[in-house]
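Residues -15 to 124 in our numbering are what the sequence shown lists, from first letter to last.
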Amino acid sequence: MINLHKHGGNMTLKMVPLDTAVIVNVKKIQEKTACGIELPSSMTVKEQLAQTKGTVAAIGDMAFEELRNLNKLVPEAGDIVYFKKYSGICWYDEEDDKEYKIINDQDIYSFESAEKQKEEEQKEFLEPNESEEEREIFVI
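Below is the structure:
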């Protein structure tokens, strides 16, 4: 088990990423439409596998090692990452009712820094948004 204490969160994962693996929390796919129509399970499974965005929950010890050696920015727990479609293994944690993907660090294309997101949220809260600024996205 791994305890994660980042960005005010406190959660425990049963899985620990090895080597270059990254555990990403992905949005749970709805099994019903807003009107209450149940979607076929084959459709929700395909949609789950096709997800390409999630929040980093844990990172293996060897993940992004090449980038770290070059002193490049790398994703950390809490950052939003964009990764290859259909990459990784889907995993559902019944205790915290969340869905995860275990993916290879090479499948991650870019990320949004959680610190940058936090600053933007505070700025929007304190000042009215006069001009829309795009989030800073780092390409790996």
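Beta carbons: idealized from backbone N, C-alpha and C, even for Gly. From a predicted model like this one, the values you see are computed outputs, not experimental measurements.
Per DSSP, E49 is not a residue of any beta strand (DSSP E); the alpha helix (DSSP H) it occupies stretches across 49 to 53.
When the five nearest sequence neighbours on each side are left out, no beta carbon in the same chain lies closer than 7 Å to the beta carbon of S26. Shown here, K69 sits in coil according to DSSP, grouped into three states, outside any helix or strand. According to the DSSP assignment, E83 belongs to the beta strand (DSSP E) that extends over 82 to 88.
Taking C-beta atoms as the reference points, N9 and Y76 fail to come closer than 8 Å. For Q32, the CB contacts under 8 Å within the same chain, skipping 5 residues up- and downstream, are V10, I13, C74, E83 in chain order. In this structure, the alpha-carbon of E60 lies about 13 Å from that of P1.
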